[in-house]
Each structure stands twice: as C-alpha cells, then as structure tokens.
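Notes to accompany the following structure.
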C-alpha cells in the first residue's frame, strides 16, 4: 500500500500536491457537514416529541428568549427552517467539493496521458521495435484513466466515506456507547472477511483485464489495418473469432466484478438492518425516558440510513482500487522506470549556416567501422561496415534479404545508434547533431504512410494547418509530378485521402 501511494504521489508535482492537500481539507469539512446534519436530528426530534425541553435546556431557552418567541410551536417552525438551511448549505458544499475534486484530478489525467504519449513518441526507435502498438495505445487511452478514475478519484471518495463513517460512529458512541461498539464490531468484522475472501481474485482480474484489453485492440488494428489482404484471403472469420474470444473473457471479468459490487450492498443492507434492530433492543433495555429513547432511536435510524450507502461505497471503492492497481504499475514503469538515455543535442558550431540561417551540409556522409545488432539478438545485422557517400552522389545498397540494407539506412537516418563505430556527417558525429540532421533530410519508406487527412495535411505532415506554406505544398506536388492530378480534383488540396490513402490509387500514394 505504501509503495502504491508513493507511486501515485510521483505523478503529481509540488504545486499539484498542494491542490491535493486542499482537497483533503475539503474532505474533512465534508465529513463534518455530514455529521452535523445527522447530529442535529437528536435535539430536533427531542423538542418535537417533548416541547418542554425548549425552556428546560439552557442553550435552547437562551435562543427562545433572545428571539422573543411567543410559543414553542413558533420555535419548532424556526428550528425546521434552520435545519433545512443547514442541509441546503451542506449539500451545496458537497456539490462544490465534488466539482473541485473532479476538475483537479481529471485535469491531471489529461496532463499525464499527454506526458505518456510524449514519452512514447520520444523513445528511441528500438523501443518501438520491442513493444506492441496495441499495448501502448491501451496504456495512453485506457490505463491512465484507470489510474485517475479507478484509483485517485476512488481513493479520495474512499477517504471521504471513511471520515464520514468515523464521525458518525463517534457521534453514536457518545450517545449510546454499548450499542455503537456492538454495531462496529459486527460491521467491521464482516467487511474484513469479505476482502480477505476476494482480494487475490480482484487483483488477478485487474491484471487479466489489462492483457485482454491490449489483445482486443491488437485484433481490431490488425483486422482493419490489413482489410484488403483479409478480404482477398477470406480471413474475416479468423479475426472476428480472435476478437470475440478476448471480448468474451473481458465480459466474464466484468460480470464477476459487477457481482462483487452488488454482493456487499445486499449483504451489508441485511447486516445493517439486523444491527440496527439489535442496537434498538439494547437501547430499550437501558431504562431511558420515552423522549430520550425516541430521540436516540431516531438518531440511530438516521445514522443507519446514511451509513448503509457509505459502507457499501467503501467496499465498492476498495474493490475498484484493487482492480485498477495493475494500471498504476504500467503507467509508473513506462513514465519513470523505463527511461533511456536521450540523444545528445546538436552542436551547431560544427555545422555550416546557409544564407537563410538554416543548417547546410556540403561534404559527405561517412560510416566508420559500424556494428549494430537489434535488441535481444546475438548476431550483428551490420558488422564493421565502412563507406563514404559524397554530397550529390546517388548510392544504391544491393544485397540479399537480411544483409542489412534497411538497417544501414536506419542508422544513417539516426533511428539506430551503432553499437561500435560512428557515423560522421561533414566530419561531425551524427549523435551530436541528430535533431538538426533529421530536419534537413527527406525519407521515402518502403511502406508509404498516409494519415486520414487532406492532401495538404499529408504533404505538410506534422505542421499545424495555420502554419502550412501553401506555395511550398504546390512546389512539392510539382516535383512529385502530381500537380496536374491534384488541380483536377474538385477539392484540390482539401481532398481527403482517407485512412492510409485508401481513396487514392496505389501509384499516387507511392508518388
């Protein structure tokens, strides 16, 4: 538990932790408001059942005289209005607390999902060769919300409910000690037995759900991503069944969790009614006055009415937190543990600056005795390779499959760092100017990627719409011999190409 709390706190910076402190203070006030609302029931019922208490009780009599009430009836009406006012204020405050809580925590969820997505995008290329895209997609879209909604929000709600329960029990303890102690032992023992019975199962379901969600995304991505190949091969049934199997496992897990959420409510409702009845019997046999007996029983009835949903929520919230804990481990590990050394920033002093202020290269690309092997591989894909590519030269890498042609290109692109040797661009180590180098080169991959955007958006890939240079886009089309084709389209640059360019011909995509 302590380790999980430490992991959660690391997700918040110093300023954000102060906001959590404010939320904690607001929780205490919320618990006090709940207790005050219930505690006022005793004196109110007391004066309704026995109006003579108004003049007998020192505090009530002072209020009665200060406002010059003509009768106890008018005082009772006044008490009703005060009680209603307090309940309105209490509920307005609770509404404000809930709004503040959701605003702070969900804003942090947005921030963290952005940070995790950024972490994945800035990871070295080798990281993406080892991780499944479906898992990364699940972590950003599903696991981060599970952390904040399933653990953080549930955690704050759990603390609030526990504070409310403790305050109410303290109030009952002052009023009827024996009955309160008996009720606390019965309820507390029952809740502990429940969690001891299902704790391991809940944790297992949380981990399994994580795996299943990743597999569901994987089968959808693969089935729809290769839709042409799937249809030609007639493999629709395979992908449908593969997805359906994982979906069924997820449904079974969800059904089990939903049942676990319902069992405590039904069990605690039965138990609480039994405890209240036993408590009332204990109070009855304590020889109290009729007025005092009615007030105390009204207090216990009101407390039971408020405690039942609180205890049920406590059980449900603990279940949710246990179920969501695997998500915390995944997010924490990918954000803080699986860190890799970032590339060295560019040293501009070694690079020639052109007339327009941009960096230029005017000598050669040189590979000096480079060796590289993929992660978890024993054999080198490229071993002690050396070559020089002078500026302005066209070079073709020729060789059999697996000879390392694509690997050498990826090394020149700066996607891979050689295990041995170095890559020099104009005599400077590529690792020292990688960012600058990658901004100056163009790359046409074997498999063309087109985003589900307009022709303009795909040509200016990664540039905000407002920052796109229209003339540069047309120049690129002209160089690719596509200008006439685009001009003939009804919407020209605003034509949507569809996902992976499905609305264009294969030749146009390649060009």
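In our numbering, the protein residues as written are 795 to 1305.
Note that CB positions come from ideal geometry on N, CA and C, so glycine has one too.
As the structure is a computational prediction, the values presented were derived from the model and not from experiment.
Can you tell me whether DSSP reads residue i as helix, strand or coil?
{"i": "residue 1212", "result": "coil"}
{"i": "residue 1031", "result": "helix"}
{"i": "residue 1200", "result": "helix"}
{"i": "residue 1181", "result": "strand"}
{"i": "residue 742", "result": "A query on residue 742 cannot be resolved here, the shown segment of the chain reaching from 795 to 1305 and no further."}
{"i": "residue 934", "result": "helix"}
{"i": "residue 920", "result": "helix"}
{"i": "residue 1172", "result": "coil"}
{"i": "residue 1191", "result": "coil"}
{"i": "residue 953", "result": "helix"}
{"i": "residue 1160", "result": "strand"}
{"i": "residue 1064", "result": "helix"}
{"i": "residue 1248", "result": "strand"}
{"i": "residue 1111", "result": "helix"}
{"i": "residue 799", "result": "helix"}
{"i": "residue 1218", "result": "strand"}
{"i": "residue 819", "result": "helix"}
Taking C-alpha atoms, which residue in the options lies nearest to residue i?
{"i": "residue 1104", "options": "906, 1024, 822 and 958", "result": "958"}
{"i": "residue 1289", "options": "1106, 1191 and 1252", "result": "1252"}
{"i": "residue 1098", "options": "978, 1221 and 938", "result": "978"}
{"i": "residue 938", "options": "1234, 1226, 1260 and 1121", "result": "1121"}
{"i": "residue 1112", "options": "1000, 815 and 887", "result": "1000"}
{"i": "residue 1219", "options": "1181, 1197, 1199 and 1194", "result": "1181"}
{"i": "residue 1228", "options": "1108, 1204, 1259 and 1250", "result": "1204"}
{"i": "residue 945", "options": "1052, 803 and 843", "result": "803"}
{"i": "residue 1250", "options": "990, 1283, 1223 and 1178", "result": "1283"}
{"i": "residue 1211", "options": "921, 987 and 983", "result": "921"}
{"i": "residue 797", "options": "1268, 894, 1127 and 1287", "result": "1127"}
{"i": "residue 1068", "options": "984, 1231, 924 and 971", "result": "984"}
{"i": "residue 1221", "options": "1169, 1159, 1275 and 1125", "result": "1159"}
{"i": "residue 822", "options": "952, 1075 and 854", "result": "952"}
{"i": "residue 1116", "options": "1051, 869, 1275 and 818", "result": "1051"}
{"i": "residue 933", "options": "1237, 841, 856 and 911", "result": "911"}
{"i": "residue 876", "options": "852, 1175, 1194 and 835", "result": "835"}
Do residue i and residue j have their C-beta atoms within less than 7 angstroms of each other?
{"i": "residue 905", "j": "residue 827", "result": "no"}
{"i": "residue 965", "j": "residue 833", "result": "yes"}
{"i": "residue 1271", "j": "residue 1257", "result": "no"}
{"i": "residue 903", "j": "residue 950", "result": "no"}
{"i": "residue 866", "j": "residue 845", "result": "yes"}
{"i": "residue 1163", "j": "residue 1215", "result": "yes"}
{"i": "residue 1213", "j": "residue 1166", "result": "yes"}
{"i": "residue 891", "j": "residue 824", "result": "yes"}
{"i": "residue 1208", "j": "residue 1171", "result": "no"}
{"i": "residue 1006", "j": "residue 1042", "result": "no"}
{"i": "residue 948", "j": "residue 1106", "result": "no"}
{"i": "residue 974", "j": "residue 967", "result": "yes"}
Taking just the CA atoms, how far does residue j sit from residue i?
{"i": "residue 1012", "j": "residue 1044", "result": "14 angstroms"}
{"i": "residue 1071", "j": "residue 976", "result": "12 angstroms"}
{"i": "residue 1003", "j": "residue 1036", "result": "16 angstroms"}
{"i": "residue 815", "j": "residue 1206", "result": "51 angstroms"}
{"i": "residue 1016", "j": "residue 1028", "result": "14 angstroms"}
{"i": "residue 1190", "j": "residue 1247", "result": "33 angstroms"}
{"i": "residue 1109", "j": "residue 916", "result": "41 angstroms"}
{"i": "residue 1261", "j": "residue 1183", "result": "34 angstroms"}
{"i": "residue 1032", "j": "residue 926", "result": "20 angstroms"}
{"i": "residue 1287", "j": "residue 1254", "result": "11 angstroms"}
{"i": "residue 1173", "j": "residue 907", "result": "37 angstroms"}
{"i": "residue 1146", "j": "residue 1156", "result": "Any reading at residue 1146 must be qualified, since the residue scores a pLDDT of 48, below 50, and its modelled position is unreliable; the value itself is stated next. So the two alpha carbons sit approximately 8 angstroms from each other."}
{"i": "residue 858", "j": "residue 961", "result": "29 angstroms"}
{"i": "residue 849", "j": "residue 881", "result": "25 angstroms"}
{"i": "residue 913", "j": "residue 806", "result": "16 angstroms"}
{"i": "residue 800", "j": "residue 1125", "result": "13 angstroms"}
{"i": "residue 843", "j": "residue 874", "result": "14 angstroms"}
{"i": "residue 1285", "j": "residue 1049", "result": "50 angstroms"}
{"i": "residue 1259", "j": "residue 940", "result": "33 angstroms"}
{"i": "residue 1277", "j": "residue 1129", "result": "44 angstroms"}
{"i": "residue 1154", "j": "residue 1268", "result": "23 angstroms"}
{"i": "residue 1030", "j": "residue 1047", "result": "26 angstroms"}
{"i": "residue 900", "j": "residue 829", "result": "28 angstroms"}
{"i": "residue 808", "j": "residue 894", "result": "18 angstroms"}
{"i": "residue 955", "j": "residue 810", "result": "23 angstroms"}
{"i": "residue 1237", "j": "residue 936", "result": "33 angstroms"}
{"i": "residue 860", "j": "residue 841", "result": "18 angstroms"}
{"i": "residue 813", "j": "residue 1264", "result": "46 angstroms"}
{"i": "residue 1148", "j": "residue 1217", "result": "Below a pLDDT of 50, predicted positions are generally treated as unreliable, and residue 1148, at 47, falls in that range; the measurement from the model is reported next regardless. Roughly 23 angstroms between the two C-alpha positions."}
Is the CB of residue i under 7 angstroms away from at least one CB in chain D?
{"i": "residue 1122", "result": "The structure shown contains no chain D; it holds only a single protein chain."}
* beta strand (DSSP E) runs contained entirely in the segment 847–872, provided each spans 3 or more residues -> none
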